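In what follows, a structure is listed as structure tokens, so that the remarks can point back to it.
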Amino acid sequence: MPEATKTPTNEDYAYLAGLIDGEGCFVMKKISTQLQMRINIANTDYGMVKWIADYFGGCIWEQRHPKDSHRKTSYHCEIQTSFVRKNYRKIFKHLKTKKAQSQLMIEYFETIENKEHFENYSDERNRIKTKLNKLNKRGV
1265 MPEATKTPTN EDYAYLAGLI DGEGCFVMKK ISTQLQMRIN IANTDYGMVK
1315 WIADYFGGCI WEQRHPKDSH RKTSYHCEIQ TSFVRKNYRK IFKHLKTKKA
1365 QSQLMIEYFE TIENKEHFEN YSDERNRIKT KLNKLNKRGV
């Protein structure tokens, strides 16, 4: 994943937390043989998503919708887990609505620190994924 090209300020971390609360999602997905946790933020404003990638690193991808759809093209940024792991205290202290998800990400980081990083589907990671899925369920 591309690295950040700019250095964020404390105000930038607070703004990112607001974007995570409003437009973001904590997800766990299988990559190769392991579960990895990510933060994704989506918006129809490419400039905002590009700002995230510039200051916090990550990949941007475009999601187009059928031509007959009333929905605009959306842009997604997947923030580098390594960046979040090094800087989570600066980001998560500003969260308002996604504190529970951020706590699960911290628990995920502990599975990396305390165990072999490439360990296949540990019970802890599966427990974290189950809790995260419940928190991310729409309407909850």
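By the count of the working numbering, the sequence shown reaches residue 1404 at its end, each step adding exactly one. By construction, the Cβ of each residue, glycine as well, lies at the ideal position given by its N, Cα and C atoms. The structure presented is a predicted model; accordingly, all values stated were derived computationally and were not measured.
Inset, instruction - Could you tell me the boundaries of the alpha helix (DSSP H) in which E1326 lies? - result: Boundaries for E1326: no alpha helix (DSSP H) harbours it, while the beta strand (DSSP E) harbouring it runs C1323 to Q1327, taken from the DSSP string.
Legend entry - Residues near R1302 by beta carbon distance below 8 angstroms, same chain, minus five either side: F1290, V1291, M1292, K1293, E1342, I1343 and T1345
Inset, instruction - Quick one: give me the first and last residue of the beta strand (DSSP E) that R1349 is part of. - result: Here R1349 belongs to no beta strand (DSSP E); instead the alpha helix (DSSP H) covers T1345 to F1356.
Legend entry - Beta-carbon gap between R1391 and L1299 smaller than 8 angstroms: no
Inset, instruction - Ignoring anything shorter than 4 residues or poking outside the region 1268-1332, list the alpha helix (DSSP H) runs there in chain order. - result: 1274-1287 and 1310-1320
Inset, instruction - Output the distance between the C-alpha atoms of Y1277 and S1296, rounded to the nearest integer angstrom. - result: 31 angstroms
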